[in-house]
Amino acid sequence: MPYISITGLQLKAKRHTLRFWWHAIRSMAQAKKAEGMIAVDARTINGIHHTRSIWTDEAAMRRYLVAGAHLQAMKVFGAIATGKTMGFESDTVPDWDEVRVLWETKATTVGTR
6 MPYISITGLQ
16 LKAKRHTLRF
26 WWHAIRSMAQ
36 AKKAEGMIAV
46 DARTINGIHH
56 TRSIWTDEAA
66 MRRYLVAGAH
76 LQAMKVFGAI
86 ATGKTMGFES
96 DTVPDWDEVR
106 VLWETKATTV
116 GTR
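Here it is, written out as structure tokens:
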């Protein structure tokens, strides 16, 4: 069963915009090429930068998390943004309205500094 990952990040300050996009663009490029990636897309909803990714399984998603550009982004995350994330197995991919509701009601806060 595919694994769905939903993340939403909000910048702590406008001055972090360039740094955020530097990491976001590189991480998205890495995700699109990652082994086990089925699909990935992103949207900004109410000022929150969201990603929705679909993986063959959770293990594939976890390998992506701890490598390359995404690992570098995680190292600076706490200094530039706050956010929440969640993941689950599902035969159906939530549409963006569902993504927003799931993220608002079920996602957990990721580490901050």
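Following this note's numbering, the numbering of the sequence shown begins with 6 at its first residue and continues without gaps. A virtual CB, placed ideally from N, CA and C, is assigned to each residue, including glycine.
Residue i versus residue j - alpha carbon distance
i	j	result
E103	R20	30 angstroms
R67	G92	11 angstroms
M6	A39	18 angstroms
K80	A36	17 angstroms
W27	A34	11 angstroms
A84	D100	30 angstroms
R118	F25	Confidence in R118 is poor, its pLDDT being 45 and thus under 50, which makes the residue's placement unreliable; the coordinate value appears in the next sentence. Computed Cα separation, rounded: 16 angstroms.
M29	T97	Here the sequence assigns Ala to residue 29, which means Met is not the residue at that position. Each residue's Cα considered, the two are about 26 angstroms apart.
L70	E109	22 angstroms
Residues bridged to residue i [DSSP beta-bridge criterion]
i	result
Q15	T87
Y69	According to DSSP, Y69 bridges with nothing at all.
D46	R57
Closest residue to residue i among the options (Cα-Cα distance)
i	options	result
G54	Q15, E109 and T110	Per the sequence presented here, residue 54 reads as His, with Gly not at that position. Considering only alpha carbons, the answer is Q15.
I9	V71, E94, W101 and D100	E94
E63	M42, A29 and G83	M42
A18	W108, F82 and T61	F82
D32	A65, A72, T61 and L107	The sequence given here has Ser at residue 32, not Asp. Comparing Cα positions, the closest option is A72.
Cβ-based neighbour list, residue i, same chain, cut-off 6 angstroms, excluding 5 preceding and 5 following
i	result
T56	T12 and A47
A44	I59
L139	Beyond the ends of the chain as shown, which are 6 and 118, falls residue 139; an answer cannot be given.
Contact set for residue i: own chain, Cβ-Cβ below 8 angstroms, skip 5 residues either direction
i	result
V106	none
>> Using 8 angstroms as the cut-off, can you tell me whether the region 46-54 makes contact with the region 64-80, which would need three or more C-beta pairs spanning the two stretches below that distance?
In response: Per the Cβ contact rule, the region 46-54 is not in contact with the region 64-80 (fewer than 3 Cβ pairs under 8 angstroms).
>> Using a Cβ distance threshold of 8 angstroms, determine whether the region 105-117 contacts the region 84-93, with at least three qualifying pairs required.
In response: The region 105-117 vs the region 84-93: in contact.
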